[in-house]
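Trainee: Next up is a structure, given as C-alpha cells.
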C-alpha cells in the first residue's frame, strides 16, 4: 500500500507544476526559493485544505485531476497567493497530505467513489 500512496502523492504533488504552467506561473523555482515559499504558508495545512476540497469535488463526481486543480486554484485565490508559490518542492511536500485528505474525505462521505478511486490507484501502482 505504501507504493500506491507514494504513487498518489506523486500524482497529487506533480500537479503543482501543471498549475504553474496553466496559470502562467512558469516552471518551478530553484530549490533555494522553495524554502521561501514554504514560509509563506503552512504546507501541511494547505495540503489538508486542498485535500478536503478535492475530496468534496470527487464525491460530487468530478474527475481527479480537475478536482485537484480547481481545489488548488481556489486555495490560492482565497488567500491571494500566487501560483509561483507552488514550486516543485512545495507541491511535492503537499502532495501526500492532499492525497491522504482527499481519500479520507471520500471514504467518509462517498465510499463507493473512494473504493473506485483506490482501486484505480492500486492498479497504477503495479
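In our numbering, the protein residues as written are 47 to 172. Positions of the beta carbon are idealized from the N, C-alpha and C atoms, including for glycine. Since the structure is predicted, the reported quantities are computational estimates derived from the model, not experimental observations.
Using three-state DSSP, classify residue 164 as helix, strand or coil.
Mentor: In the structure shown, residue 164 sits in a helix (DSSP, three-state: H, G or I).
Trainee: What are the uninterrupted segments assigned as alpha helix (DSSP H) that are 4 or more residues long and contained completely in the segment 89 to 170, given in chain order?
Mentor: Runs found: 89 to 105, 110 to 124, 134 to 155 and 157 to 170.
Trainee: Which term fits residue 157, buried or exposed, when burial requires 16 or more other beta carbons within 10 angstroms of its beta carbon?
Mentor: The residue in question, residue 157, is exposed, as its Cβ has fewer than 16 Cβ neighbours within 10 Å.
Trainee: Less than 8 Å between C-beta atoms, sequence neighbours within five positions excluded: which residues of the same chain meet that for residue 105?
Mentor: So the list reads 151, 152, 155, 156 and 159, once near-sequence residues are dropped.
Trainee: Could you tell me if residue 166 is buried or exposed, where buried requires 16 or more neighbouring beta carbons within 10 angstroms of its beta carbon?
Mentor: Counting Cβ neighbours within 10 Å, residue 166 comes out exposed, since fewer than 16 surround it.
Trainee: Decide if residue 123 is buried, meaning its Cβ has at least 16 other Cβ atoms within 10 Å, or exposed.
Mentor: Exposed, since its Cβ has fewer than 16 Cβ neighbours within 10 Å.
Trainee: Please classify residue 147: is it buried, with 16 or more other beta-carbons within 10 angstroms of its beta-carbon, or exposed?
Mentor: Result: buried.
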